[in-house]
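Trainee: Below is a structure I'd like to ask you about.
Residue numbers (our numbering): 12 to 397.
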């Protein structure tokens, strides 16, 4: 069966983005592709092999569920890390599959040690340090005991990383906070080193920190939103594209996702008629409308009622009336050639016009991250330009 809409993933654009980011971080810094949130809505199963073909061999997911999906499609050469949730019962699976995971409390550390000892395999762990995010991680007071626990169990623990997470590196408002976090991270890792612990990787930088604070890259960066061709924030984009003399550089990132469907039906409505549910839109003239088979159940938010627009025939067609669960109406009075079956662009380019993810997000009051991750996984993802 054919789904009502589909998402295109542009391989050529992805390759371009990864090439730019790799040049930014240099070859000595490990590039980890963050594919949490179903690869930011792009689809883990389809995206991971594409990233591998671009030279990426390390991927980060949010939880064990995503790790299982990623593990089913990755090559034997690629590695995985779990940055968030994994039940103690699932640690055996992670350890057996050589998947590393963040350890941020004593319960998980002790469970990992018990499991590793039982199955006689090393647990690959990233010690997460609390530096000011105040979410997860070991604080100063925890370190002495943690050091002793790890030293007593060296034979079944592989210290893969010392890590932390910055609280909003994409915003200049967090400039001081980020720098204070990095200072604390350095101090805590010195304590770990003094206690006899060393890790293969030291990492803290997300896309924003990688691009704005190069000193935080250390020897591994966790790149999420930027690889998909989106800037973490307008501030990040301005920082990279404008120099001190206001010279504007060409945007090196290219959005790799487009969301499309087809016109479901076309009809004419007389003047002084309400369109769709309720009385949100009243025609003032004879109006030609098209029904689009996408709704808020697919991620086309209800707040786009009478506000949003799509592209048909290279022109903007405004949403009229309420966005329904599975469809909405657009005015095609100014697009006389539009007909049933014509392409509808919800996000992406058509002719000379474009609906960017950023502009779509602004209309829905979503940030890029939220909009993308709300795109249902059942919408087919199709690779183009490969």
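Don't be surprised by glycine CBs; every beta carbon is placed ideally from N, CA and C. If you're wondering where the values come from, they're calculated on a predicted model, not measured in any experiment.
In whole angstroms, what is the alpha-carbon distance linking residue 331 and residue 364?
Mentor: Here residue 331 refers to the residue found at position 320 of the chain shown. Here residue 364 refers to the residue found at position 353 of the chain shown. Straight-line Cα distance between these residues: approximately 20 Å.
Trainee: If you follow the alpha helix (DSSP H) that residue 60 is in, where does it begin and where does it stop?
Mentor: The sequence position of residue 60 within the chain shown is 49, counting from 1. Residue 60 -> alpha helix (DSSP H) spans 55-64.
Trainee: Could you tell me which residues DSSP pairs with residue 292 in its beta bridges?
Mentor: By 1-based counting over the chain shown, the position of residue 292 is 281. Paired residues: none, contrary to the question.
Trainee: For residue 114, tell me which candidate among 238, 190, 240 and 146 has the shortest Cα-Cα distance.
Mentor: The count along the chain shown starts at 1 and reaches residue 114 at position 103. With distances taken between CA atoms, residue 114 lies nearest to 146 out of 238, 190, 240 and 146.
Trainee: Just verifying my parser: in three-state terms, what is the DSSP assignment at residue 384?
Mentor: Within the chain shown, residue 384 is the residue found at index 373, counting from 1. Residue state, collapsed to three classes: helix.
Trainee: Under a three-way DSSP split, which group does residue 342 fall into?
Mentor: Along the chain shown, one-based indexing puts residue 342 at 331. Residue state, collapsed to three classes: strand.
Trainee: On the DSSP bridge list, what partners appear for residue 270?
Mentor: Position 259 of the chain shown holds residue 270. Partner(s): 18 and 358.
Trainee: Around the Cβ of residue 165, are there at least 16 other Cβ atoms within 10 angstroms (buried) or fewer (exposed)?
Mentor: Position 154 of the chain shown, counting from 1, holds the residue named residue 165. Exposed.
Trainee: Return the bridge partner residues of residue 137 from the DSSP annotation.
Mentor: Locating residue 137 in the chain shown gives position 126, where the first residue counts as 1. Beta-bridge pairing by DSSP links residue 137 to 113 and 172.
Trainee: Report the option in 49, 298 and 17 whose CA atom is closest to the CA atom of residue 398.
Mentor: Summary: the structure shown does not reach residue 398, with the chain confined to residues 12 through 397, and so no result is reported for it.
Trainee: Can the beta-carbon of residue 135 be found closer than 9 Å to that of residue 110?
Mentor: In the chain shown, residue 135 corresponds to position 124, counting from 1. In the chain shown, residue 110 corresponds to position 99, counting from 1. Yes; because the gap between Cβ atoms is below 9 Å, this pair is in contact.
Trainee: Is the separation between the beta-carbon of residue 367 and that of residue 238 shorter than 9 Å?
Mentor: Along the chain shown, read from residue 1 onward, the residue named residue 367 stands at position 356. Along the chain shown, read from residue 1 onward, the residue named residue 238 stands at position 227. No, the Cβ-Cβ distance between residue 367 and residue 238 is not below 9 Å.
Trainee: Would you mind giving the Cβ-Cβ distance between residue 93 and residue 74, rounded to the nearest angstrom? I have them listed as a contact below 8 Å.
Mentor: Sequence index remark: in the chain shown, residue 93 carries index 82 (1-based). Sequence index remark: in the chain shown, residue 74 carries index 63 (1-based). Between residue 74 and residue 93 the Cβ distance is about 6 Å, and since that is below 8 Å, they are a contact.
Trainee: Where are the beta strand (DSSP E) runs, 3 residues long or more, that stay fully inside the segment 145-224, in chain order?
Mentor: The beta strand (DSSP E) runs of length 3 or more contained entirely in the segment 145-224 are, from start to end of the chain, 168-174 and 212-214.
Trainee: May I ask which residues mark the beginning and end of the beta strand (DSSP E) holding residue 276?
Mentor: On the chain shown, residue 276 is found 265 positions in, with the first residue counted as 1. It spans 276-280 - the beta strand (DSSP E) in which residue 276 sits, taken as one unbroken run.
Trainee: Ordered along the chain, which non-local residues of its own chain (more than five positions away) have a Cβ less than 8 Å from that of residue 304?
Mentor: Your numbering for residue 304 matches position 293 in the chain shown. Answer for residue 304: 15, 16, 272, 273, 275, 337 and 338, listed in chain order.
Trainee: What three-state label does DSSP hand residue 299 in the structure shown?
Mentor: Numbered from its first residue, the chain shown carries residue 299 at position 288. It is a strand residue.
Trainee: Residue 219 to residue 205, Cα distance in whole Å?
Mentor: The count along the chain shown starts at 1 and reaches residue 219 at position 208. The count along the chain shown starts at 1 and reaches residue 205 at position 194. Going by the C-alpha atoms only, they are around 30 Å apart.
Trainee: On a Cα-Cα basis, can you pick out the residue from 333, 298 and 270 that is closest to residue 283?
Mentor: Numbered from 1 along the chain shown, position 272 holds the residue referred to as residue 283. Checked all of 333, 298 and 270; the closest Cα to residue 283 is 298.
Trainee: The beta strand (DSSP E) spanning residue 92 covers which residue range?
Mentor: The residue given as residue 92 occupies position 81 in the chain shown. Boundaries of the beta strand (DSSP E) harbouring residue 92: 90-93, taken from the DSSP string.
Trainee: Residues in the same chain with beta-carbon distance under 6 Å from residue 175, minus the five sequence neighbours each way, listed in chain order, please.
Mentor: Counted from its first residue, the chain shown places residue 175 at position 164. For residue 175, where only same-chain residues beyond five positions count, the Cβ hits under 6 Å are 140, 142, 196 and 215.
Trainee: Where do the ends of the alpha helix (DSSP H) carrying residue 250 lie?
Mentor: The residue labelled residue 250 in the question sits at position 239 within the chain shown. Start and end: 245-252.
Trainee: Could you tell me whether the Cβ atoms of residue 168 and residue 127 are closer together than 9 Å?
Mentor: Here the question's residue 168 lines up with position 157 in the chain shown. Here the question's residue 127 lines up with position 116 in the chain shown. Closer than 9 Å, so yes.
Trainee: Considering residue 84, what are the terminal residues of the alpha helix (DSSP H) in which it resides?
Mentor: As a working note, residue 84 is residue 73 in the chain shown. From DSSP, the alpha helix (DSSP H) with residue 84 extends over 75-84.
Trainee: Beta carbon of residue 371, beta carbon of residue 386: below 9 Å?
Mentor: On the chain shown, position 360 is the one that residue 371 refers to. On the chain shown, position 375 is the one that residue 386 refers to. For residue 371 and residue 386, no; Cβs fall outside 9 Å.
Trainee: Please return the same chain residues whose Cβ sits closer than 8 Å to the Cβ of residue 307, not counting the five positions on each side in sequence.
Mentor: Translated into the one-based positions of the chain shown, residue 307 becomes position 296. The beta carbon of residue 307 is closer than 8 Å to those of 313, 334, 335 and 336 in its chain, skipping five residues each way along the sequence.
Trainee: Near residue 395, which residues of its chain fall below 6 Å by C-beta distance, leaving aside the five closest residues on each side in sequence?
Mentor: By 1-based counting over the chain shown, the position of residue 395 is 384. Correct list, in chain order: 19 and 21.
Trainee: Please report the straight-line C-alpha distance between residue 199 and residue 42, rounded to a whole angstrom.
Mentor: Counting from 1 along the chain shown, the entry for residue 199 is found at position 188. Counting from 1 along the chain shown, the entry for residue 42 is found at position 31. The alpha-carbon atoms of residue 199 and residue 42 are separated by roughly 24 Å.
Trainee: Of the choices 301, 383 and 389, whose alpha-carbon is the least far from that of residue 346?
Mentor: Taking the chain shown and counting its residues from 1, one reaches residue 346 at position 335. Cα-wise, what sits closest to residue 346 is 301.
Trainee: According to DSSP, which residues form a beta bridge with residue 322?
Mentor: Locating residue 322 in the chain shown gives position 311, where the first residue counts as 1. Looking at the DSSP assignment, residue 322 forms a beta bridge with 327 and 356.
Trainee: Tell me where the alpha helix (DSSP H) around residue 71 begins and ends.
Mentor: Here residue 71 refers to the residue found at position 60 when the chain shown is read from its first residue. Premise fails: residue 71 lies in the beta strand (DSSP E), 69-72, not in any alpha helix (DSSP H).
Trainee: Quick check on residue 234: does DSSP put it in helix, strand or coil?
Mentor: Here residue 234 refers to the residue found at position 223 of the chain shown. Note: residue 234 maps to strand in three-state DSSP.
Trainee: List the residues that DSSP assigns as beta-bridge partners of residue 392.
Mentor: Indexing the chain shown from 1 puts residue 392 at position 381. DSSP lists 18 as partners of residue 392.
Trainee: Among the residues of its own chain, which have a CB less than 6 Å from the CB of residue 184, if the five just before and after it don't count?
Mentor: For the purposes of this step, residue 184 is taken as residue 173 along the chain shown, with counting starting at 1. Counting only Cβ-Cβ distances below 6 Å, and skipping sequence neighbours, we find nothing.
Trainee: Pull up the CB-CB distance for residue 252 and residue 260, whole angstroms please, since I reckon it's below 8 Å.
Mentor: Numbered from its first residue, the chain shown carries residue 252 at position 241. Numbered from its first residue, the chain shown carries residue 260 at position 249. About 5 Å separates the two Cβ atoms, so the contact holds.
Trainee: What did DSSP end up calling residue 119 once you bin it into helix, strand or coil?
Mentor: Position 108 of the chain shown holds residue 119. DSSP places residue 119 in helix when its eight states are reduced to three.
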